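Report on the structure given below.
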Amino acid sequence: MKWTALSAVVALAVAGGVLIYRRGNDPPAISDAPQQEIDDRFILNNVTLDQADENGETVWSIRATRAIYSPDQQTAEVENPEGELFQDGEAIYRVGGDRGVVQRDGRRITLRGDITATDLRTGAEMTGGELVWVPADETMTIRNGLTGTHPDLTVAAEQGQLFSRDQRVDLTGNVIIEGRDPRVKLTGESLEWQMEEQIVSSNRPVEIQRLQGQGERTRVTDQASSNRAEYRLAEQRLSMNGDVRMAMREPVMNLATESLIWEIENQQVTMNQPLNANLRNGQVLLQGDRGNMDLAREVFDLRGSAQATTRRNQSRLRGDRIVWDNATQEVEAIGNVVYTQADPEMSSRAPRLVGTLEDQIFVMSGGRVVTEFIPGEQ
Numbered sequence: 005m006k007w008t009a010l011s012a013v014v015a016l017a018v019a020g021g022v023l024i025y026r027r028g029n030d031p032p033a034i035s036d037a038p039q040q041e042i043d044d045r046f047i048l049n050n051v052t053l054d055q056a057d058e059n060g061e062t063v064w065s066i067r068a069t070r071a072i073y074s075p076d077q078q079t080a081e082v083e084n085p086e087g088e089l090f091q092d093g094e095a096i097y098r099v100g101g102d103r104g105v106v107q108r109d110g111r112r113i114t115l116r117g118d119i120t121a122t123d124l125r126t127g128a129e130m131t132g133g134e135l136v137w138v139p140a141d142e143t144m145t146i147r148n149g150l151t152g153t154h155p156d157l158t159v160a161a162e163q164g165q166l167f168s169r170d171q172r173v174d175l176t177g178n179v180i181i182e183g184r185d186p187r188v189k190l191t192g193e194s195l196e197w198q199m200e201e202q203i204v205s206s207n208r209p210v211e212i213q214r215l216q217g218q219g220e221r222t223r224v225t226d227q228a229s230s231n232r233a234e235y236r237l238a239e240q241r242l243s244m245n246g247d248v249r250m251a252m253r254e255p256v257m258n259l260a261t262e263s264l265i266w267e268i269e270n271q272q273v274t275m276n277q278p279l280n281a282n283l284r285n286g287q288v289l290l291q292g293d294r295g296n297m298d299l300a301r302e303v304f305d306l307r308g309s310a311q312a313t314t315r316r317n318q319s320r321l322r323g324d325r326i327v328w329d330n331a332t333q334e335v336e337a338i339g340n341v342v343y344t345q346a347d348p349e350m351s352s353r354a355p356r357l358v359g360t361l362e363d364q365i366f367v368m369s370g371g372r373v374v375t376e377f378i379p380g381e382q
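Written as structure tokens, this is what we have:
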């Protein structure tokens, strides 16, 4: 690569003019940009700096109101820089800032102040305090408070590194990503945003909130946390793994498991690992080897060593499958059903049970039913 604008300054300074070379200009011409020389530094006003690769394709093009070249001609300080960054000959970013530094041979461009960067492929717009572009690595780093907007979401973080080839952004430091519709907020110390695939993920602890309302009326309806998570925006599907905790306000519920899939729009939660659910402020406890929840209908379907316990009358129901309707408190147990209660002390066994634990009213069916009453101490 050749830093054409700087080379031209050195070559033609003695002639009283400045050559701004753009590959493809034939023959080269002398720019009309005013030139000054202060302390062995060359200063250009209203200048355009271009960089091309060995194939003649533009790598970047930066315009500035002023460029000040260092005495050793290794760097150029630019004021009010703006321009485009290219990949495979196509402009992929439009950038700008208050000031910046361009290194010789275009190995690195640094913009500072109120910087902006627009991804021309996805429509994402980002701002921050510093931007560093390294063409050889195809990476852009935005530091000192990154904020971003995208048709699908908004982003805030202390720092972000953009990988232009993969269209991926690694965000670190107090990261907040909020999807627009539905409103889902993810927070953590490190999140990865895959723009083209529309995926947000993290291999570190992350918190998720589902929001409703706008402005001061915004409220959290559901929230969850886990050690790892992946949110697919297009499918509105959230996968969480490792020490998963989920809390709901309507109905009041706390859930613990090691893995779940939350379909946000459909309000369905699927768990393929053992789970514990605490409902009605601890009055009802549910357990199972796996299960599903219909959040809209407040129905829990538990499979494999399923169990439902109420604290009020210390009743316990076990079965191969338990379906609990939290709104009506109706319960259905299927397969190897065992029901026990403390007052009066009794136990029953049956293939199937339907009823309400709170009222202790049941219908047992499906085959042989065995009920045992245990007399109290005399």
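Using our numbering, the first residue of the sequence shown is number 5, and each one after it goes up by one.
In this text, a Cβ means the ideal position worked out from N, Cα and C, and glycines have one as well.
Computed from a predicted structure; not experimentally measured.
For alanine 251 and threonine 332, the rounded distance between their alpha carbons
Translated into the one-based positions of the sequence shown, residue 332 becomes position 328. Translated into the one-based positions of the sequence shown, residue 251 becomes position 247. When rounded, the distance between both Cα atoms is 20 Å.
What do you get for arginine 70, buried or exposed, if any count of 16 or more other CB atoms within 10 angstroms of its CB means buried?
The residue you call residue 70 lines up with position 66 of the sequence shown. Arginine 70 is buried by the Cβ-count criterion.
Does glycine 110 come out as helix, strand or coil in the three-state DSSP assignment?
In the sequence shown, the residue the question calls residue 110 occupies position 106. If DSSP states are grouped into helix, strand and coil, glycine 110 belongs with the helices.
Can valine 273 and leucine 299 be called in contact, C-beta distance under 8 Å?
One-based indexing of the sequence shown puts residue 273 at position 269. One-based indexing of the sequence shown puts residue 299 at position 295. Note that the C-beta distance between valine 273 and leucine 299 is below 8 Å.
For glutamate 200, name the three-state secondary structure that DSSP assigns.
Numbered from its first residue, the sequence shown carries residue 200 at position 196. When DSSP states are grouped into helix, strand and coil, glutamate 200 belongs to the coil group.
Looking only at its chain, what residues have a beta carbon closer than 7 Å to the beta carbon of glutamine 287, apart from the 5 residues adjacent to it on each side?
As a working note, residue 287 is residue 283 in the sequence shown. Thr314, Arg315, Arg316.
Tell whether a beta-carbon distance below 8 Å holds between serine 206 and glycine 192.
Numbered from its first residue, the sequence shown carries residue 206 at position 202. Numbered from its first residue, the sequence shown carries residue 192 at position 188. It is a contact, given that the beta carbons lie within the stated cut-off.
With respect to the beta strand (DSSP E) encompassing glutamine 272, which residues constitute its N-terminal and C-terminal limits?
Counted from its first residue, the sequence shown places residue 272 at position 268. Run containing glutamine 272: 272-275, per the beta strand (DSSP E) assignment.
Expected contact under 8 Å - CB spacing of leucine 289 and asparagine 296 to nearest Å:
Your numbering for residue 289 matches position 285 in the sequence shown. Your numbering for residue 296 matches position 292 in the sequence shown. Between the beta-carbon of leucine 289 and that of asparagine 296 there is about 18 Å, and that puts the pair past the 8 Å contact cut.
3 or more residues per run - each beta strand (DSSP E) lying fully within the stretch 165-213
Correct list: 172-183, 188-198, 203-206.
Are the beta-carbon atoms of arginine 214 and threonine 225 separated by less than 8 Å?
Indexing the sequence shown from 1 puts residue 214 at position 210. Indexing the sequence shown from 1 puts residue 225 at position 221. In this structure, threonine 225 lies closer than 8 Å to arginine 214 by Cβ.
Residues near glycine 370 in its chain [Cβ-Cβ closer than 7 Å; skip 5 each side]
Residue mapping note: residue 370 aligns to position 366 of the sequence shown, counting from 1. The answer, listed in chain order, is Ala354, Pro355, Arg356.
Out of Asn148, Thr62, Met275, which has the shortest C-alpha to C-alpha gap to threonine 131?
Mapped onto the sequence shown, residue 131 falls at position 127. By alpha-carbon distance to threonine 131, the top candidate from Asn148, Thr62, Met275 is Asn148.
Pick helix, strand or coil for arginine 125, following the three-state DSSP scheme.
Here residue 125 is taken as the residue at index 121 of the sequence shown, counted from 1. Of the three classes helix, strand and coil, the one that applies to arginine 125 here is coil, per DSSP.
How about leucine 115 and glycine 101: do their beta carbons lie closer than 8 Å?
Residue mapping note: residue 115 aligns to position 111 of the sequence shown, counting from 1. Residue mapping note: residue 101 aligns to position 97 of the sequence shown, counting from 1. With respect to the 8 Å criterion, leucine 115 and glycine 101 are classified as neighbours on the basis of their beta carbons.
Glutamate 196 versus isoleucine 265 - alpha carbon distance:
Taking the first residue of the sequence shown as 1, we reach residue 196 at position 192. Taking the first residue of the sequence shown as 1, we reach residue 265 at position 261. Rounded to the nearest angstrom, the two C-alpha atoms are 19 Å apart.
Using CA atoms only, rank isn't needed, just tell me which of Gly183, Leu150, Phe46 is closest to aspartate 156.
Within the sequence shown, residue 156 is the residue found at index 152, counting from 1. Just measuring C-alpha positions, the residue of Gly183, Leu150, Phe46 sitting nearest aspartate 156 is Gly183.
Tell me which same chain residues have a C-beta within less than 7 Å of the C-beta of alanine 161, skipping the five on either side of it?
Here residue 161 refers to the residue found at position 157 of the sequence shown. Closer than 7 Å at Cβ, skipping near neighbours: Leu150, Leu175, Thr176, Gly177, Asn178, Val179.
Pull up the CB-CB distance for asparagine 280 and alanine 260, whole angstroms please, since I reckon it's below 8 Å.
For the purposes of this step, residue 280 is taken as residue 276 along the sequence shown, with counting starting at 1. For the purposes of this step, residue 260 is taken as residue 256 along the sequence shown, with counting starting at 1. With a Cβ gap of about 5 Å, asparagine 280 and alanine 260 count as contacting.
Using the three-state DSSP reduction, which class does isoleucine 87 fall into: helix, strand or coil?
Taking the sequence shown and counting its residues from 1, one reaches residue 87 at position 83. The residue asked about is misnamed: residue 87 is glycine in this sequence, not isoleucine. Glycine 87 falls in the strand class under three-state DSSP.
I need the DSSP call for methionine 368, collapsed to helix, strand or coil.
Locating residue 368 in the sequence shown gives position 364, counting from the first residue. In this structure, methionine 368 counts as strand in the three-state DSSP scheme.
Endpoints, beta strand (DSSP E) assigned at aspartate 247
Your numbering for residue 247 matches position 243 in the sequence shown. Judged by DSSP secondary structure, aspartate 247 falls within the beta strand (DSSP E) whose first and last residues are 241-252.
Under 7 Å Cβ to Cβ from leucine 166, same chain only, skipping five residues before and after it: list those, please.
Residue 166 sits at position 162 when you count from the first residue of the sequence shown. Counting only Cβ-Cβ distances below 7 Å, and skipping sequence neighbours, we find Thr143, Met144, Val173.
Where the beta strand (DSSP E) through valine 99 begins and ends:
Position 95 of the sequence shown, counted from the first residue, corresponds to residue 99. Taken as a continuous stretch (DSSP letters only), the beta strand (DSSP E) holding valine 99 covers 94-100.
In chain order, which alpha helix (DSSP H) runs of at least 4 residues are fully inside the stretch 273-317?
The DSSP assignment places no complete alpha helix (DSSP H) segment of no fewer than 4 residues inside the stretch 273-317.
Cutting at 7 Å between CB atoms, please list the residues of its own chain near isoleucine 365, excluding the five before and the five after it.
Along the sequence shown, read from residue 1 onward, the residue named residue 365 stands at position 361. Sequence-distant Cβ neighbours of isoleucine 365 in its own chain, meaning closer than 7 Å and more than five residues away, are Gly359.
Reduced DSSP category for proline 139 - H, G, I as helix; E, B as strand; rest coil
Taking the first residue of the sequence shown as position 1, residue 139 is located at position 135. Correct three-state label for proline 139: coil.
Residue from Val256, Val136, Asp109, Ile66 with nearest C-alpha to glutamate 88
Here residue 88 refers to the residue found at position 84 when the sequence shown is read from its first residue. Comparing Cα-Cα distances from glutamate 88 to each of Val256, Val136, Asp109, Ile66, the minimum goes to Ile66.
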